[in-house]
Amino acid sequence: MRNEVEPGQVDLARVPQVARVGSGTPVIERRDGQAGQQNGLAAAPRPASAVRSATAARPVPAADRQVPPAPPQVREAVSGRAWRALTVASLGTVLVGFNSTASNLALDSIRDGFAGATASDVGWGIAGFMIGTAAFLPLAGRLADRIGRKRIFQIGLALFALSAVFSAIAPTVWTLNMARVLQAISGAAILPASLSLVLPLFPESRRTTAVGLWSASGPLAAAIAPQVSTLMLAAAGWRVLYFVSAPIAALLFVVGWRVLREQPTPPRHQRLDIVGATAGTVALLAIVTPLMQGKDWGLLSPVALALGGVGVVALAVFVFNSLRHQEPLLNLHLFRRRNVWVTQLANFLVGLSSQSLWLLWPLFLLNVWNYGVAAVGLALTLGPIAAGFSTITFSRLGERWNAVGFCRTGSAMQIASVGWMVLTLGTTPNYWFVMAPSIALFGLGWGMCVPLLNSVALKAVPEKYFGEVSGLFNTLRYASAAIGIAALFAVLTEDSGAASLIYYQRALVFFLIAACVGFMSLWIPMSRPGQSDR
Numbered sequence: 018m019r020n021e022v023e024p025g026q027v028d029l030a031r032v033p034q035v036a037r038v039g040s041g042t043p044v045i046e047r048r049d050g051q052a053g054q055q056n057g058l059a060a061a062p063r064p065a066s067a068v069r070s071a072t073a074a075r076p077v078p079a080a081d082r083q084v085p086p087a088p089p090q091v092r093e094a095v096s097g098r099a100w101r102a103l104t105v106a107s108l109g110t111v112l113v114g115f116n117s118t119a120s121n122l123a124l125d126s127i128r129d130g131f132a133g134a135t136a137s138d139v140g141w142g143i144a145g146f147m148i149g150t151a152a153f154l155p156l157a158g159r160l161a162d163r164i165g166r167k168r169i170f171q172i173g174l175a176l177f178a179l180s181a182v183f184s185a186i187a188p189t190v191w192t193l194n195m196a197r198v199l200q201a202i203s204g205a206a207i208l209p210a211s212l213s214l215v216l217p218l219f220p221e222s223r224r225t226t227a228v229g230l231w232s233a234s235g236p237l238a239a240a241i242a243p244q245v246s247t248l249m250l251a252a253a254g255w256r257v258l259y260f261v262s263a264p265i266a267a268l269l270f271v272v273g274w275r276v277l278r279e280q281p282t283p284p285r286h287q288r289l290d291i292v293g294a295t296a297g298t299v300a301l302l303a304i305v306t307p308l309m310q311g312k313d314w315g316l317l318s319p320v321a322l323a324l325g326g327v328g329v330v331a332l333a334v335f336v337f338n339s340l341r342h343q344e345p346l347l348n349l350h351l352f353r354r355r356n357v358w359v360t361q362l363a364n365f366l367v368g369l370s371s372q373s374l375w376l377l378w379p380l381f382l383l384n385v386w387n388y389g390v391a392a393v394g395l396a397l398t399l400g401p402i403a404a405g406f407s408t409i410t411f412s413r414l415g416e417r418w419n420a421v422g423f424c425r426t427g428s429a430m431q432i433a434s435v436g437w438m439v440l441t442l443g444t445t446p447n448y449w450f451v452m453a454p455s456i457a458l459f460g461l462g463w464g465m466c467v468p469l470l471n472s473v474a475l476k477a478v479p480e481k482y483f484g485e486v487s488g489l490f491n492t493l494r495y496a497s498a499a500i501g502i503a504a505l506f507a508v509l510t511e512d513s514g515a516a517s518l519i520y521y522q523r524a525l526v527f528f529l530i531a532a533c534v535g536f537m538s539l540w541i542p543m544s545r546p547g548q549s550d551r
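The letter at position 272 of the sequence shown is residue 289 when you use my numbering, and the numbering goes up by one with no holes.
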């Protein structure tokens, strides 16, 4: 009797292999690999339902699977309005960044312009700008959410123009320093509002570029400012250096009024965090003051230690209040997200040297190598060129590649830059061997690292937290800059002549340690976009 096999009676669990679907009539294959018969019999054709059942029971080998091609990635278009808004917002941050370092080469001229002024007195103009910006940034962000981001941006520009005039006509060094604090407060109003006005206009896939360009514009301006200031100092003096910002701020005010549009603000019903604003300002001021006055008071003097204690207590009050307040100035609950606290830690540590080195380099070139002001400006040019190229390149590549990897590489380049100076810096001028490689490498590393850090943090939070994360990023950046500049003044007890070399080297070692710790922090595991980072 013949073993007739009906199609519906095939034991699918014992079928060794089924041909791929869609390749024609199914063929049952023998265990020895030959097709056509099983147990000496021709395999009867099976209906399509049996083929589907067989396929479900026995997965098709990976080599034979028909995998549909992945759809091509579409680069989302950005409207012209978005690019215009980004241009205006970035120019606002350029104005703030330029004024943070424009006077670095004018310190001696400013000191000579006021009878009895000391280096520390003049240095307070720089440190006060950083402190005022860091202290008012969170409050400005909250005010922008309450009364409108465009309105705060415009108010900031108007006050910036006035403060520039006040700085230019200051009759005493402390009047100048107070005008600089007003300029810092107005700059703090410009920064958070500008990004909040721009980011909603960009599609999500293009925000890395927007954030990178915006984040880099201010620090790049800070890097370029010493070169520009050399021309102004040579032509007209330090007062014009401050006054020039007034007409630029006024022009931006008019352009911003026409180009920018108000964005919807979230409903706010809670009181402003006045306790947090006060405690944060006191903490930063109490920590920076002993460092700035270290030459006169001594770092271990009773006054310095007492102020340091006040700073620690005020910082504890600030943290405690921020965790309990329903709408704190800085939303410390965001630190529960690993990507946020890792990037902010790296931002703070890298920021200790980012602004300070732009002050150390010209001081050393002027006072140890005896360069002229114009020669110093020319010598520093490599830095902003390298940083600008790096920022534009890696902000775009960060949209497609691993942004964290770029941050790590850039941080390593900054370590190499500072380390090279520690090993080679001497009293004999040798720009192309010592300074040029260090300045260029630091600029390249900065552009690869710092602008992308903010992008990595923003990708870890919903859109409603963009303003708070950006405010946190910039607050820590300016706070670390204030501490780094104060530490530089504390270490440089002597800043001119061959005997000062050891003090510059000590400052560089401090910045090198901070850069190394910042680099190590970037190796704390972080999640990719779309993954939980808690």
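Even for Gly, the Cβ is constructed at its ideal location relative to N, Cα and C.
- Three or more beta-carbon pairs drawn from the stretch 108–128 and the stretch 199–206 are found closer than 8 Å, and the two stretches are therefore classed as touching.
- Of the candidates S213, A132, A123, the residue whose Cα lies closest to the Cα of L160 is S213.
- Scanning A175, A252, L324 for the CA closest to the CA of V390 turns up A252.
- Between the stretch 321–333 and the stretch 297–310, the count of Cβ pairs shorter than 8 Å is three or higher; the stretches touch.
- DSSP assignment within the stretch 239–282 yields the following whole alpha helix (DSSP H) runs of 4 residues or more, N-terminal first: 255–260, 262–276.
- For the pair L376 and I500, the CB atoms are not nearer than the 8 Å cut-off.
- Assignment of P345 by DSSP, reduced to helix, strand and coil, places it in the coil class.
- Closest option to L382, judged by alpha-carbon separation, among L397, L369, S373: L397.
- Exposure of E93 is indicated by the presence of fewer than 16 other C-beta atoms within 10 angstroms of its C-beta.
- Counting of Cβ neighbours within 10 angstroms places A323 among the exposed residues, the total staying below 16.
- Contact between A532 and V451 does not hold, since the beta-carbon distance rounds to 18 Å and is not under 8 Å.
- Residues A119, S120, A123, S246, M249, L250 of the same chain have their beta carbon placed closer than 7 Å to that of L258, with the five preceding and five following residues left out of the count.
- Nearest C-alpha to L216 among W231, I207, A206, G204: W231.
- Between R101 and V334, the C-beta gap is not smaller than 8 Å, which leaves the two residues out of contact.
- In the structure shown, the three-state DSSP call for T444 is coil.
- In the displayed model, I186 falls within coil according to three-state DSSP, outside both helix and strand.
- Per DSSP, D129 is one residue of the alpha helix (DSSP H) stretching across 124–130.
- Shown here for A331: same chain residues with a beta carbon closer than 7 Å to its own, the five before and five after excluded, namely A296, V299, A300, A303 in chain order.
- With respect to G109, T150 sits apart: the two C-beta atoms are not nearer than 8 Å.
- For Y520, the enclosing alpha helix (DSSP H) begins and ends at 518–538.
- By the CB criterion at 8 Å, L539 and A363 fall inside the cutoff.
- The closest CA to that of W378, considering only K481, T104, A99, L442, is found on L442.
- In the three-state reduction of the DSSP assignment, R163 falls in the helix class, which pools H, G and I.
- When the five nearest sequence neighbours on each side are left out, the beta carbons in the same chain lying within less than 7 Å of the beta carbon of T444 are those of V385, A515, L518, in order along the chain.
- Y388 sits in coil when the DSSP states are folded into three classes, being neither helix nor strand.
- In this structure, the beta-carbon distance from L366 to G535 falls below 8 Å.
- Taking every protein chain shown into account, the CB of I541 has fewer than 16 other CB atoms within 10 angstroms, so this residue is exposed.
- One Cα belongs to S472, the other to T225, and the distance between them is close to 6 Å.
- Within the model, the alpha-carbon separation for D138 versus S117 is close to 16 Å.
- According to the DSSP assignment, K312 belongs to the alpha helix (DSSP H) that extends over 311–314.
- Judged by beta-carbon spacing, S184 lies beyond the 8 Å limit of L174, meaning their Cβ atoms are not closer than that value.
- From the listed residues P264, F153, L269, I265, the smallest Cα separation to K167 is found for L269.
- The DSSP-derived three-state label of D138 is helix.
- Classified as buried, K476 has 16 or more neighbouring CB atoms from the shown chains inside 10 Å of its CB.
- For W437, the secondary structure class from DSSP, reduced to helix, strand or coil, is helix.
- In the three-state DSSP reduction, G204 falls in the helix class (H, G or I).
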